[in-house]
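**Student:** Counting from 236, one number per residue, gives the positions in the sequence shown under our numbering.
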Amino acid sequence: MTNELPLIDLAAATGDPEARARLRDSLHSAARDVGFFHLVGHGVRAAETDALMRAVRAFFALPEAERFAISNLNSPHFRGYTRVGDERTGGSQDWRDQLDIGAERAARVPGPDEPGYWWLEGPNQWPASLPELRTAALGWVDRLSAVARRLLRELLAAIGAPRTFYDGAFAERPHLHLKLVRYPGSAPDGAGQGVGAHKDYGFLTLLLQDGVGGLQVETRDGSFLDVPPMPGAFVVNLGELLEVATRGYLKATNHRVVSPPGSRERFSVPFFYNPRLDARIEPVPFPHAHLAPGVTEDPANPLFAEYGRNEIKGWVRAHPAVARRHHAELIDTGLAAASG
Ligand SMILES: O=C(O)CCC(=O)C(=O)O
Ligand SMILES: [Fe+2]
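Written as structure tokens, this is what we have:
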């Protein structure tokens with residue numbers, strides 16, 4: 236792989252047959268060989284992106300007490316604000332604060348025979364003094380899920396699979412997830428871990444990053460490559476369910492963020508395109524399926540085909556204080572066996 240991310244132009248999907256064929260070739264190799272790419276031609280205008288970023292900055296500029304009033308420690312659904320230092324990845328402290336937002340639904344308390352992952356459905360928490368944040372964030376979720384749906388269909392078509400194969404998994408109650416993130420410079424310990432190396436849990440992540448940089452993707456030889464900001468582009472990466480779906484033909488890519496230097500702030504907004512919690516991801520048929528090596532076997536990070544299990548594994552691991560306060564039973568059942 237070269238030291239540049241592939242560039243994918245989604246507008247080619249509605250172009251002439253040659254443009255569509257080129258798109259499929261480039262999407263196929265980008266997904267198979269790198270698992271990360273820049274996406275342009277997505278139709279989201281700069282004015283929309285700027286409006287979202289303004290709302291994000293306004294949220295992090297609120298007094299700490301107002302942000303902490305909507306702490307995720309109050310939410311059995313893992314929704315709300317996480318202070319700097321309260322999130323863990325790879326067993327170490329991340330140096331970022333964030334607001335986790337999902338589909339706005341009533342709390343769903345699982346019955347004794349139901350999977351614990353239903354806890355992940357529930358209401359968001361919003362800052363009282365910034366009502367426009369709710370509008371901006373939920374609008375962004377709608378906007379990006381339409382882009383992600385088109386992109387997933389193109390990606391399936393690119394590997395020769397039926398393009399609508401997973402439409403049913405996203406029907407009615409997809410577990411869409413948006414994170415507003417700030418990296419407030421470097422931690423006093425000098426570790427530089429903005430967020431530690433990890434894979435995302437769902438199908439596709441569409442990330443908006445500001446101009447500061449620090450995101451890095453792991454390459455096949457284990458080294459980390461910078462993903463420099465590209466104005467107007469989303470950074471797209473493949474999540475664990477695409478690895479499950481293709482039996483490892485496509486891989487979820489490990490990535491991390493190195494803290495900005497000194498007290499420089501960086502803002503980013505990852506959008507996670509996830510199916511219904513109870514979707515069971517069956518392998519998709521495609522011509523190269525016989526070449527698929529199988530999913531990555533990592534005892535510290537088992538991959539689950541039932542999406543809700545894969546998702547709650549991550550939440551319990553990353554937000555141990557929320558899990559301890561609300562979900563001792565989930566920790567005990569071994570859902571958090573992956574303590575990595
Ligand atoms: O902030 C970034 O650039 C990436 C964040 C990320 O990978 C995540 O939150 O899953
Ligand atoms: Fe990520």
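Using N, Cα and C, we set each Cβ at its ideal position, and we do this for glycine too.
Because the structure is a prediction, the values reported are computed rather than measured.
According to DSSP, is ARG482 part of a helix, a strand, or is it coil?
**Tutor:** Three-state result, ARG482: coil.
**Student:** Pull every residue with its beta-carbon under 6 Å away from any heavy atom of ligand 1, and keep them in chain order.
**Tutor:** Checking every Cβ against the heavy atoms of ligand 1 under 6 Å gives LYS414, VAL416, VAL430, ASP435, LEU442, GLN444, LEU450, HIS490, VAL492, SER503, PRO505.
**Student:** Please state whether DSSP places MET236 in a helix, a strand or coil.
**Tutor:** Here MET236 scores only 45 on pLDDT, less than 50, and its place in the model is too uncertain to base an answer on.
**Student:** If I follow the unbroken alpha helix (DSSP H) through ALA527, where does it start and stop?
**Tutor:** Neither: ALA527 is in no alpha helix (DSSP H) and is coded neither H nor E.
**Student:** TRP354 to ALA254, Cα distance in whole Å?
**Tutor:** Between TRP354 and ALA254, the C-alpha separation is close to 44 Å.
**Student:** Taking GLY351 as the reference, give the member of GLN428, TRP330, HIS312, ALA248 with the closest Cα.
**Tutor:** Among GLN428, TRP330, HIS312, ALA248, the Cα nearest to that of GLY351 is on HIS312.
**Student:** Please confirm whether ARG318 and ASP332 have their CB atoms less than 9 Å apart.
**Tutor:** Yes, these two residues count as a Cβ contact at 9 Å.
**Student:** DSSP on THR370, reduced to helix/strand/coil?
**Tutor:** THR370 falls in the helix class under three-state DSSP.
**Student:** Taking C-beta to C-beta, are VAL470 and PHE459 nearer than 9 Å?
**Tutor:** It is not a contact, given that the beta carbons lie outside the stated cut-off.
**Student:** In its own chain, which residues sit with a C-beta less than 6 Å from the C-beta of ARG559, not counting the 5 before and 5 after it?
**Tutor:** Counting only Cβ-Cβ distances below 6 Å, and skipping sequence neighbours, we find nothing.
**Student:** From ALA248, ALA286, PHE400, PRO252, pick the residue whose C-alpha is nearest to that of ILE516; which is it?
**Tutor:** Ranking the options by Cα distance to ILE516, first place goes to PHE400.
**Student:** Could you pull out every residue in the same chain whose Cβ sits closer than 6 Å to the Cβ of LEU538, ignoring the five residues on either side in sequence?
**Tutor:** So the list reads GLU475, VAL479, VAL530, once near-sequence residues are dropped.
**Student:** Out of ASP377, GLY448, PRO496, which one is the CA nearest neighbour of PRO423?
**Tutor:** Among ASP377, GLY448, PRO496, the Cα nearest to that of PRO423 belongs to PRO496.
**Student:** Taking the alpha helix (DSSP H) that THR284 belongs to, which residues open and close that run?
**Tutor:** Taken as a continuous stretch (DSSP letters only), the alpha helix (DSSP H) holding THR284 covers 281-295.
**Student:** Looking at the secondary structure, which residues open and close the beta strand (DSSP E) in which LEU439 lies?
**Tutor:** Looking at the DSSP string, the run of the beta strand (DSSP E) that includes LEU439 is 439-444.
**Student:** What does DSSP give as the partner residue(s) for TYR505 in the beta ladder?
**Tutor:** This sequence places Pro at residue 505; Tyr is not what is there. DSSP, once it has assigned bridges, lists LEU442 as partnering PRO505.
**Student:** Nearer than 8 Å: is that true of the beta carbon of ASN536 relative to any heavy atom of ligand 2?
**Tutor:** Because no heavy atom of ligand 2 lies under 8 Å away, the Cβ of ASN536 does not count as near it: no.
**Student:** Comparing C-alpha positions only, which one of SER421, VAL462, PRO409 sits nearest to GLY270?
**Tutor:** The shortest C-alpha separation from GLY270 is found at VAL462.
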